[in-house]
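Chains as they are written, first to last, in my numbering: chain X, 5 to 295; chain P, 0 to 273. Positions of the beta carbon are idealized from the N, C-alpha and C atoms, including for glycine. Each remark here refers to the structure printed beneath this line.
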Amino acid sequence: SLSEKFRKILKDVRGLGAISEANVQEALKEVRLALLEADVNFTVVKDFIAIVKEKAMGKEVLESLSPGQQFTKIVHDELTALLGGENSGLELSGKPAVIMLVGLQGSGKTTTTAKLAYHLKSKGRNPYIVPADLFRLAAVLQLKKLASEIKVDCFDSEGMNNPPEICREAVRIAALKGYDILLVDTAGRLHIDGTLMEELKTLKEILKPSEILFVADSMTGQDAVNTARGFNEAIGVTGVVLTKFDGDARGGAALSMRLTTGRPIKFIGTGEKLDCLEVFHPSRLAGRILD
Amino acid sequence: SAVTGASREEFLEKLEESLITSDVGIKASTEIVDSLRTKLVGWGNGEKFREYLRDAIYDILKEVEKPLEVDKSPFVIMVLGVNGVGKTTTIGKLASRYSAEGRSVMLAAGDTFRAAAIEQLEGWGKRAGCPVVRQEQGGDPGAVVFDAMKAARARGADVVILDTAGRLHTKVNLIEELKKVNRVASRELPGAPHEKLLVLDASTGQNAINQARIFNEAVGVTGIALTKLDGTARGGIIIPIARELKIPIRFVGVGEGIDDLREFNARDFVEALV
Ligand SMILES: Nc1nc2c(ncn2[C@@H]2O[C@H](COP(=O)(O)OP(=O)(O)OP(=O)(O)O)[C@@H](O)[C@H]2O)c(=O)[nH]1
Ligand SMILES: Nc1nc2c(ncn2[C@@H]2O[C@H](COP(=O)(O)OP(=O)(O)OP(=O)(O)O)[C@@H](O)[C@H]2O)c(=O)[nH]1
Ligand SMILES: [Mg+2]
Ligand SMILES: [Mg+2]
């Protein structure tokens with residue numbers, strides 16, 4: 005493990021005063037290796053190493069900690085600070101409040117839409133699920149089935165002509181029937197697909213969402229920077245949901261997404277069942293990335 | 000123009016960076032570029048370096064450029080992989096491809112877990128014009144495969160493609176279920192599944208290596224399909240997988256349409272990567 009490597013590298017530092025540059029360089033090399041193996045973006049790693057080096061250089065080794073532990077703590081704390089930060093609750097202003105779920109193909113948007121509805125219902129809200137993916141085979145049926153599993157009402161998108169029409173109609177019905185939160189599932193798409201990114205902008209204009217959640221796979225590699233940037237520049241992301249966190253992917257892509265969008269990671273998906281949605285804890289992911 | 004000492008090192012570092020950012024991984028990227036370092040003493044041209052890098056990667060990938068030979072009847076393909084990578088869509092594309100070759104294709108809806116998975120595959124069956132053997136959601140996938148093997152023999156199907164539920168390789172019980180489905184197929188039809196096709200998403204990072212290792216250990220993977228190469232991800236993860244596991248890369252997915260499937264070509268892949 006990384007902390008064990010730091011302990012070995014820095015075991016002779018104690019008693020010599022502050023950590024020296026040579027000690028730090030070797031330990032930083034290990035950090036760089038660990039972060040790249042954990043799928044943190046190449047450039048993000050560079051910037052992170054620079055920050056950690058500054059924090060570690062000249063720092064007095066505390067009497068109560070071995071230098072290896074000291075260094076581990078610096079790296080862990082810095083990573084936690086970068087991953088976390090601002091309030092990661094859901095912004096639910098609006099009558100009804102609208103949450104849009106967007107992202108690449110297969111990332112887990114449809115499942116997460118149902119999970120969020122379940123989460124909100126258990127908090128006493130009255131959510132309405134809106135399937136706005138008319139492209140993927142049986143996508144509307146998939147969300148309908150999930151909605152019925154958790155006994156949340158679902159807009160009937162069958163027979164509607166296009167996603168904008170669905171969204172307009174769903175907003176109208178929600179106001180009529182008094183649902184207080186709309187959860188809109190959109191089709192997976194590539195950030196480089198101009199036409200589909202335009203469609204997303206159109207949906208945003210119709211829905212005026214208080215949350216646009218970028219649903220991303222926690223096993224995403226270096227490309228996370230590109231996709232997060234692409235979606236953020238097109239429609240502005242308000243939060244990130246990392247799915248399939250129940251696997252063994254180290255999850256370094258999360259750091260790329262957090263730093264690229266500047267937005268908080270709000271939830272993690274921890275399984276296929278609809279109660280498998282948890283609030284994100286930065287220090288937990290930091291530990292996993294550094295493992 | 001000549002690339003001298005300092006700038007040559009810079010250039011090699013840039014090449015290494017381009018490999019890492021394509022998900023080749025730090026270990027493989029460093030090893031590949033290091034082997035170039037020793038070979039390239041004295042060569043002085045940046046573009047020449049890139050060419051040598053391409054050749055080095057091509058040498059790795061040409062070993063796994065082995066198209067799938069459908070040489071038995073019925074030829075059974077079991078499609079597996081983690082959640083959301085494109086298994087069901089890839090099956091639709093394969094069904095269309097093999098039907099166009101004049102073969103009779105049959106699909107088996109082996110994902111009995113996920114909502115609307117059966118209906119999604121039935122949709123692809125309609126598009127490709129081939130029958131889908133199915134039971135009910137919540138049922139035993141082994142029972143579906145059993146039915147499919149019997150139906151294939153009875154109807155004289157040329158190709159049978161088994162869809163399975165997405166499953167994380169870390170879920171021991173789901174890996175056991177996959178092994179069971181594999182056993183059912185081989186009991187009903189000796190030699191089946193003739194191809195165990197692992198589907199990997201090109202945007203996946205280093206975790207793809209774990210996926211390949213564990214699925215291979217569980218059922219023996221005989222081919223890989225790399226999907227979503229139409230995005231900006233380069234899919235470099237197949238390089239460490241090729242080096243370590245030597246599993247043939249059969250297909251690449253380049254879109255969501257029924258024709259968006261190509262046979263893997265090592266030279267094309269390398270040209271797009273570096
Ligand atoms: N293990 C696990 N599987 C998940 C999680 N979230 C989603 N999945 C699975 O991932 C697969 C894809 O999920 P979907 O909800 O269909 O993904 P999507 O983003 O809507 O896909 P498209 O609409 O095609 O873009 C399904 O098999 C889900 O069950 C998670 O947190 N953990
Ligand atoms: N852009 C692009 N999208 C693809 C490709 N292959 C599949 N997809 C999309 O990826 C999403 C998931 O595809 P599925 O076929 O449902 O994936 P799966 O592996 O069967 O998913 P589960 O059964 O839930 O595990 C769908 O939106 C597909 O259209 C590809 O090559 N390129
Ligand atoms: Mg979906
Ligand atoms: Mg599927």
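Who are the Cβ neighbours of glutamate 41 of chain X in its own chain at under 6 Å, not counting the five residues just before and after it?
-> none
Using three-state DSSP, classify glutamate 82 of chain X as helix, strand or coil.
-> helix
Name the residues in the region 150–183 of chain P whose C-beta lies less than 7 Å from a C-beta of chain X; which are they?
-> Leu167, Thr169
Would you check whether ligand 2 has a heavy atom nearer than 7 Å to the C-beta of glutamine 4 of chain X?
-> Residue numbering for chain X in the displayed model covers 5 to 295; residue 4 of chain X lies beyond these limits and cannot be assessed.
How would you call glutamine 29 of chain X, buried or exposed, if buried means at least 16 neighbouring beta carbons within 10 angstroms?
-> exposed
Ligand 1 heavy atoms versus the CB of asparagine 172 of chain P: any closer than 7 Å?
-> no
Mind checking which residues open and close the alpha helix (DSSP H) that includes leucine 120 of chain P?
-> 116–127
For methionine 61 of chain X, count neighbouring Cβ atoms within 10 angstroms of its own Cβ and tell me buried if that reaches 16, exposed if not.
-> exposed
Is any heavy atom in ligand 2 found nearer than 7 Å to the beta carbon of leucine 150 of chain X?
-> no
Work out the CA separation of valine 132 of chain P and leucine 106 of chain P for me, nearest whole Å.
-> 6 Å
Taking only runs that begin and end inside the region 94–131 of chain X, name each unbroken alpha helix (DSSP H) of 4 or more residues, in chain order.
-> 113–125
Unbroken stretches of the alpha helix (DSSP H), 4 residues or longer, contained in the region 142–215 of chain P | 171–187
Candidates P:Leu120, P:Arg233, P:Leu260, P:Lys178, of which the one nearest glutamate 216 of chain P by Cα | P:Lys178
Report the residues of the region 144–175 of chain X with a CB closer than 9 Å to any CB of chain P, ordered along the chain.
-> Val144, Leu145, Gln146, Leu147, Lys148, Lys149, Leu150, Glu153
Just how far apart, CA to CA, sit threonine 20 of chain P and proline 189 of chain P?
-> 44 Å
Distance, Cα to Cα, serine 5 of chain X vs lysine 77 of chain X?
-> 14 Å
Exposed or buried, lysine 119 of chain X, counting other C-beta atoms within 10 Å across all chains shown (16 or more means buried)?
-> buried
Would you give the residue range spanned by the alpha helix (DSSP H) that threonine 87 of chain P belongs to?
-> 86–99
Determine, using beta carbons only, whether glycine 83 of chain P comes closer than 8 Å to chain X.
-> yes
Are valine 244 of chain X and methionine 223 of chain X closer than 8 Å when you measure CB to CB?
-> no
To which residues of the same chain is serine 70 of chain X closer than 8 Å at the C-beta, ignoring the five residues directly before and after it?
-> Arg11, Leu14, Lys15, Arg18
Span of the beta strand (DSSP E) holding phenylalanine 74 of chain P?
-> 74–79
Close-in-space but distant-in-sequence residues of the same chain around proline 130 of chain P (CB under 6 Å, 5 per side omitted) | Met105
Whose beta carbon lies closer than 7 Å to any heavy atom of ligand 6, going through the chain in order?
-> Among the ligands in the structure shown, ligand 6 does not appear; only ligand 1, ligand 2, ligand 3 and ligand 4 can be found there.
Using a Cβ cut-off of 7 Å, pull out every chain X residue sitting near glycine 122 of chain P, in sequence order please.
-> Leu141, Ala142
Contact set between threonine 89 of chain P and chain X, taken where Cβ atoms lie within less than 8 Å | Result: empty, since nearest Cβ-Cβ is about 12 Å, beyond 8 Å.
Can you say whether glutamate 100 of chain P is buried or exposed, counting buried as having 16 or more other CB atoms within 10 angstroms of its CB?
-> exposed
Counting only beta-carbon atoms, is isoleucine 246 of chain P nearer than 8 Å to chain X?
-> no
Skipping 5 residues on each side, what residues in its chain have a beta carbon closer than 8 Å to that of threonine 226 of chain P?
-> Val84, Gly85, Thr88, Thr89, Val198, Leu199, Asp200, Ala201, Val251, Gly252
What's the gap between the Cα of glycine 273 of chain X and the Cα of lysine 99 of chain X?
-> 27 Å
Applying the criterion that 16 or more other CB atoms from any shown protein chain within 10 Å of the CB defines a buried residue, is valine 283 of chain X buried or exposed?
-> exposed
Short check: CB of valine 241 of chain X to CB of phenylalanine 271 of chain X, under 8 Å?
-> no
Run the proximity test for lysine 227 of chain P: is its beta-carbon closer than 7 Å to any non-hydrogen atom belonging to ligand 1?
-> no
Minimum Cβ-Cβ distance from methionine 104 of chain X to chain P less than 8 Å = no
In or out: leucine 272 of chain P buried (at least 16 other Cβ within 10 Å) or exposed?
-> buried
From the DSSP output, read off the bridge partner residues of leucine 246 of chain X.
-> X:Ala220, X:Ile272
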